[in-house]
Amino acid sequence: MFPTDVPADQLICSAKGCQQPASYAVLWNNPKVHTPEREKTWLACEQHREWLSDFLDRRGFLLRVDEV
Ligand SMILES: [Zn+2]
């Protein structure tokens, strides 16, 4: 279930099984394993933007969502 990290130049949604072009970058950081200045990026299509940001927000990892 956990989406995989993808290079930011490959603009495909990070949601598992989704091959849609991504319109958003969901930036997050897990304070338990990442230093505060580290930003992890998931890409999200229109349909998965809310799902992915929600997933991170519930864990307190969400930093922000940018358009790409
Ligand atoms: Zn998607």
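So for the sequence shown, the numbering used here puts the first residue at -2; every next one is plus one. All C-beta atoms in this analysis are idealised placements derived from N, C-alpha and C, irrespective of residue type, glycine included.
Could you check if residue i is buried or exposed, using at least 16 other CB atoms within 10 Å of its CB as the buried criterion?
i: Arg46; result: buried
i: Trp39; result: buried
i: Pro0; result: buried
Can you tell which of the options has its C-alpha closest to the C-alpha of residue i?
i: Arg55; options: Glu43, His31, Arg35 and Asn26; result: Asn26
When DSSP builds the beta bridges, which residues end up paired with residue i?
i: Val62; result: Val23
i: Thr74; result: Residue 74 falls outside the range modelled here, since the chain spans only -2 to 65, and no answer is possible.
i: Pro18; result: Ile9
What separation, rounded to the nearest whole angstrom, lies between the Cα atoms of residue i and residue j?
i: Leu24; j: Leu60; result: 5 Å
i: Gln17; j: Asp51; result: 19 Å
i: Lys29; j: Ser11; result: 22 Å
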